[in-house]
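Undergrad: Residue numbers (our numbering): 1093 to 1655.
Handing you this structure, nothing more for now.
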């Protein structure tokens, strides 16, 4: 393509103008440079604290007038399981929050919730102590020892960089060694203290009436039963192989109940839908709406084809009749269950809780005849549709699930980097997109609001959607309990965010700069690749990158909390 007739200087200026590809390469070389400023830290912390205070104030004034929303268990729970009473003053919720004993919370909200709350408090207190120790020792040492100029020059870094060890040399680094050992001692102390308390809570829970009187506390669950042992007697023989001196157990092998679970779920869904419709329609019995509520028939209704297509029905009459039809179907399916149609899992109940736990402990690393014996979870915790799956089927599904999660983790690297580069600072997008740069210059206030909302909103949406996606994938993979599913989801979420947020973000600019430096040294100094690699100090570059990226994580976490 021929250039137009221009004088020499304008032609050179046009040739040397900014190129979108070169700008993108510069941004990729250091995607966090836009965050390195005290103003970004002040803005993020101010937004986070402001939004937190606003939510707390709104909650305090709305709670007294919406008890059914913020304390729904007050209406239905008995005296033993009801939450502590709260006054109608805006600040009345603070006292129960601070003074309610954990032993009471175990009865009211459950052991899992209490352990989760204790873990959150442990993290809060532990990181507060770590922050105090780190700032009291490291910040004065770094401020006093940082190098503010090089070779007599006037290169002065920002204070936010001066408090990091990136420009500290010599004996001052021993302060980091001391603080590292102090951090280890603080973390070990918090873990030891909270493990002791959790052990006490577990003993209180096991000695409580709710656990002592529950059936699952003295029941064993057997899965992966061989075909020859799929009977009540077969379950007893499998247990006798491991613990021959055990007492008599009431055994029950699972039966093929056909469509009964799906019918029960449909019945429960229809009942809840009818309750919602009646609650809206009968909100004011003295003044009923002139028209009764209407709805379309559900597609999973077996009589769906008998209704006029596209026509709405009376919702109250439709769901009332659907509930009756489902009750008839449930009774018919229960009556037609074949006792000979067994499933590869079952249960064994004992009269003594201690004996059931002792047998489960004896069987924890044994697979008699391929069967797996564990303590039975609560019935509501079991994913019943996955119980008939064989171990080979579950292993194959887990492998496929892990492959899909690995692919998703790798695919998210690109969007994650683009969010860090462009959405955090829309000015970078204008550097590679001239049309957007003109719009940005003309509407700075509007795009400023978009920049403050877009990145945290998008990341928060990802944090909300990913657990839902991972839960569904874990169910498809064959997890037999909801507790096991949540454990797997937590592990996969941890791996996903550690890889994308820590490994990729922290080492991305280091590797990019390292490769660019090797290529530049090879071309400029005409040396071979190995000599160029040796000249690049990869360890020092990684250390400086961690220091520079620290502010990014402070601001991004604060902005996410505000969103």
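For glycine and all other residues, C-beta sits at the position ideal for the given N, C-alpha and C.
It should be emphasised that the depicted structure is a prediction, and the values quoted were computed from it without experimental measurement.
Looking at C-alpha atoms only, which residue of 1256, 1634, 1200 and 1322 is the closest neighbour of residue 1163?
TA: For the purposes of this step, residue 1163 is taken as residue 71 along the chain shown, with counting starting at 1. When only C-alpha atoms are compared, the closest one is 1200.
Undergrad: Here's a check: name, in chain order, each residue in its chain whose Cβ is nearer than 6 Å to the Cβ of residue 1429, leaving out the five neighbours to either side.
TA: For the purposes of this step, residue 1429 is taken as residue 337 along the chain shown, with counting starting at 1. Here the set comprises 1347 and 1349.
Undergrad: On a Cα-Cα basis, can you pick out the residue from 1451, 1481 and 1542 that is closest to residue 1468?
TA: Here residue 1468 corresponds to residue number 376 of the chain shown, with the count starting at 1. Among 1451, 1481 and 1542, the Cα nearest to that of residue 1468 is on 1451.
Undergrad: Just mark residue 1570 as buried or exposed, buried being the case when its beta carbon has 16 or more other beta carbons within 10 Å.
TA: Taking the chain shown and counting its residues from 1, the one referred to as residue 1570 is at position 478. It is buried - the Cβ of residue 1570 has at least 16 other Cβ atoms within 10 Å.
Undergrad: Report yes if the CB atom of residue 1316 is closer than 8 Å to the CB atom of residue 1440, and no otherwise.
TA: For the purposes of this step, residue 1316 is taken as the residue at position 224 of the chain shown. For the purposes of this step, residue 1440 is taken as the residue at position 348 of the chain shown. Not in contact: residue 1316 and residue 1440 (Cβ atoms no closer than 8 Å).
Undergrad: Kindly list the residues whose CB is nearer than 6 Å to the CB of residue 1445, restricted to its own chain and excluding five residues on each side of it in sequence; keep chain order.
TA: The count along the chain shown starts at 1 and reaches residue 1445 at position 353. Contacts found: 1309 and 1310.
Undergrad: Between which two residues does the beta strand (DSSP E) carrying residue 1439 extend?
TA: In the chain shown, counting from the first residue as 1, residue 1439 sits at position 347. Where residue 1439 is concerned, the enclosing beta strand (DSSP E) stretches over 1434–1441.
Undergrad: Quick test of your reading: residue 1218 and residue 1270, contact by CB under 8 Å. State the CB separation rounded to the nearest angstrom.
TA: In the chain shown, counting from the first residue as 1, residue 1218 sits at position 126. In the chain shown, counting from the first residue as 1, residue 1270 sits at position 178. Not really, about 19 Å apart at Cβ, beyond 8 Å.
Undergrad: Can you name the start and end residues of the alpha helix (DSSP H) that residue 1224 belongs to?
TA: On the chain shown, residue 1224 is found 132 positions in, with the first residue counted as 1. Note, residue 1224: alpha helix (DSSP H), 1203–1237.
Undergrad: Please name the residue in 1355, 1411, 1358 and 1396 whose C-alpha comes closest to that of residue 1369.
TA: Sequence index remark: in the chain shown, residue 1369 carries index 277 (1-based). Minimum Cα distance to residue 1369 is reached at 1411.
Undergrad: Using alpha carbons as the reference points, say which of 1264, 1592, 1196 and 1296 lies closest to residue 1238.
TA: For this step, residue 1238 is matched to residue 146 along the chain shown. Of the listed residues, the one whose Cα sits closest to residue 1238 is 1264.
Undergrad: Along the chain, where does the beta strand (DSSP E) that runs through residue 1315 open and close?
TA: For this step, residue 1315 is matched to residue 223 along the chain shown. Counting along the chain, the beta strand (DSSP E) containing residue 1315 begins and ends at 1311–1315.
Undergrad: Is the stretch 1294–1307 close to the stretch 1399–1414, with three or more CB pairs under 8 Å?
TA: no
Undergrad: Can you give me the C-alpha to C-alpha distance between residue 1151 and residue 1372, rounded to a whole angstrom?
TA: As a first step, residue 1151 is located in the chain shown; it is residue number 59 there, counting from the start. As a first step, residue 1372 is located in the chain shown; it is residue number 280 there, counting from the start. Distance between the alpha carbons of residue 1151 and residue 1372: 26 Å.
Undergrad: What ranges does the alpha helix (DSSP H) occupy inside the stretch 1334–1416, keeping only unbroken runs of at least 4 residues that lie completely in it?
TA: As for any alpha helix (DSSP H) of minimum length 4 sitting wholly inside the stretch 1334–1416, the runs are 1352–1373, ordered along the chain.
Undergrad: Shortest alpha-carbon distance to residue 1165 belongs to which of 1154, 1178 and 1153?
TA: Counting from one through the chain shown, the residue named residue 1165 turns up at place 73. If we check each option's Cα against that of residue 1165, 1178 comes out closest.
Undergrad: Using the three-state DSSP reduction, which class does residue 1467 fall into: helix, strand or coil?
TA: Along the chain shown, read from residue 1 onward, the residue named residue 1467 stands at position 375. Residue state, collapsed to three classes: strand.
Undergrad: Hey, is residue 1354 close to the ligand ATP, as in C-beta under 7 Å from one of its heavy atoms?
TA: Absence of the ligand ATP from the depicted structure is noted, as is the absence of any ligand whatsoever, leaving it without description.
Undergrad: To the nearest whole angstrom, what separates the beta carbons of residue 1606 and residue 1628, a pair I think is in contact under 8 Å?
TA: Here the question's residue 1606 lines up with position 514 in the chain shown. Here the question's residue 1628 lines up with position 536 in the chain shown. Residue 1606 to residue 1628, Cβ: 5 Å. Contact.
Undergrad: Between residue 1460 and residue 1333, what straight-line distance do the alpha-carbon atoms span, to the nearest angstrom?
TA: On the chain shown, position 368 is the one that residue 1460 refers to. On the chain shown, position 241 is the one that residue 1333 refers to. Cα-Cα distance, rounded: 7 Å.
Undergrad: Pull up the distance between the alpha-carbon of residue 1354 and that of residue 1345, whole angstroms please.
TA: Within the chain shown, numbered from 1, the residue matching residue 1354 stands at position 262. Within the chain shown, numbered from 1, the residue matching residue 1345 stands at position 253. Taking the straight line joining both Cα atoms gives about 20 Å.
Undergrad: Would you report the Cα separation of residue 1636 and residue 1609, rounded to the nearest angstrom?
TA: For the purposes of this step, residue 1636 is taken as residue 544 along the chain shown, with counting starting at 1. For the purposes of this step, residue 1609 is taken as residue 517 along the chain shown, with counting starting at 1. The alpha-carbon atoms of residue 1636 and residue 1609 are separated by roughly 15 Å.
Undergrad: Hey, quick one: how far does the alpha helix (DSSP H) through residue 1452 stretch, first residue to last?
TA: Taking the chain shown and counting its residues from 1, the one referred to as residue 1452 is at position 360. First-last of the alpha helix (DSSP H) with residue 1452: 1445–1454.
Undergrad: Using the beta-carbon count (16 or more within 10 Å), is residue 1253 buried or exposed?
TA: Taking the chain shown and counting its residues from 1, one reaches residue 1253 at position 161. So residue 1253 ends up on the buried side.
Undergrad: Assuming residue 1593 and residue 1501 are in contact, meaning their beta carbons sit under 8 Å apart, how far apart are those beta carbons, in whole angstroms?
TA: Walking along the chain shown from the start, residue 1593 turns up at place 501. Walking along the chain shown from the start, residue 1501 turns up at place 409. Incorrect: roughly 11 Å between the Cβ atoms, too far for contact.
Undergrad: Just how far apart, CA to CA, sit residue 1379 and residue 1387?
TA: As a first step, residue 1379 is located in the chain shown; it is residue number 287 there, counting from the start. As a first step, residue 1387 is located in the chain shown; it is residue number 295 there, counting from the start. Approximately 22 Å, taken between the alpha carbons.
Undergrad: Determine the burial state of residue 1695: buried for a count of at least 16 other Cβ atoms within 10 Å of its Cβ, exposed for fewer.
TA: Since the first residue shown for the chain is 1093 and the last is 1655, residue 1695 is missing from the structure and cannot be characterised.
Undergrad: With a threshold of 16 other CB atoms inside 10 Å of the CB of residue 1580, please say whether the residue is buried or exposed.
TA: Against the chain shown, residue 1580 aligns to sequence position 488. Burial of residue 1580 is indicated by the presence of at least 16 other C-beta atoms within 10 angstroms of its C-beta.
Undergrad: Specify the secondary structure class of residue 1256 as computed by DSSP and reduced to three states.
TA: Stepping through the chain shown from its first residue, residue 1256 is reached at position 164. Residue state, collapsed to three classes: coil.
Undergrad: Bridge partners for residue 1474 per DSSP, in chain order?
TA: As a working note, residue 1474 is residue 382 in the chain shown. Answer by DSSP bridge pairing, in chain order: 1573.
Undergrad: Compare the C-alpha of residue 1396 against each of 1417, 1376, 1205 and 1384 and name the closest.
TA: Start at 1 with the first residue of the chain shown, and residue 1396 comes out as number 304. The candidate whose alpha carbon is nearest that of residue 1396 is 1417.
Undergrad: Per DSSP, what kind of secondary structure is residue 1458 in: helix, strand or coil?
TA: Within the chain shown, numbered from 1, the residue matching residue 1458 stands at position 366. Coil, per DSSP.
Undergrad: How about residue 1282 and residue 1214: are their beta carbons less than 8 Å apart?
TA: Reading the chain shown from its first residue, position 190 is the one you call residue 1282. Reading the chain shown from its first residue, position 122 is the one you call residue 1214. Yes, they are a contact pair.
Undergrad: Within 10 angstroms of the Cβ of residue 1337, are there 16 or more other Cβ atoms? Answer buried if so, exposed if not.
TA: By 1-based counting over the chain shown, the position of residue 1337 is 245. With fewer than 16 other Cβ atoms within 10 Å, it is exposed.
Undergrad: Would a C-beta distance cut-off of 8 Å place residue 1322 and residue 1434 closer than the cut-off?
TA: In the chain shown, counting from the first residue as 1, residue 1322 sits at position 230. In the chain shown, counting from the first residue as 1, residue 1434 sits at position 342. Yes, these two residues count as a Cβ contact at 8 Å.
Undergrad: Around the C-beta of residue 1493, are 16 or more other C-beta atoms found within 10 angstroms, so that it is buried, or is it exposed?
TA: Locating residue 1493 in the chain shown gives position 401, counting from the first residue. Here residue 1493 is buried: its Cβ has 16 or more other Cβ atoms, across all protein chains shown, within 10 Å.
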